[in-house]
Amino acid sequence: MKNNIRVERAIKNITQAELAELIGVSRQTINTIESNRYVPSTVLALKIARVFGKPVEEIFSLDEED
477 MKNNIRVERA IKNITQAELA ELIGVSRQTI NTIESNRYVP STVLALKIAR
527 VFGKPVEEIF SLDEED
């Protein structure tokens, strides 16, 4: 699964730590999601999308092999 969290954070000018605090996870969790090493739960994906004010499908997308 791919995501554009890094781009969305840049648009909103927030750090990984700030995003993590907004959704109640660690900065390391945001880092692993951004680098595609961890696929978030549905609840976590929805919380991230809510912070950016976008549908979850605009933040996350499936890879060819998913």
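As numbered in our numbering, residues 477 to 542 make up the sequence shown, in order. The beta-carbon is built from N, C-alpha and C at its ideal position, and this holds for glycine as well. On a predicted model such as this, the values are computed, not experimentally measured, just so you know.
Check	Outcome
For E484 versus F536, is the C-beta distance shorter than 8 Å?	no
Within a Cβ cutoff of 7 Å, which residues of the same chain sit near V532, ignoring the five residues on either side of it in sequence?	A521, L522, A525
From which residue to which residue does the alpha helix (DSSP H) around N507 run?	503-510
Under 8 Å, do I509 and N479 count as touching if we go by C-beta distance?	yes
Taking C-alpha atoms, which residue in I499, N512, I490, N489 lies nearest to V519?	I499
From which residue to which residue does the alpha helix (DSSP H) around T491 run?	Careful: T491 lies outside any alpha helix (DSSP H) and carries neither H nor E.
May I ask you to report which of helix, strand or coil DSSP gives K478?	strand
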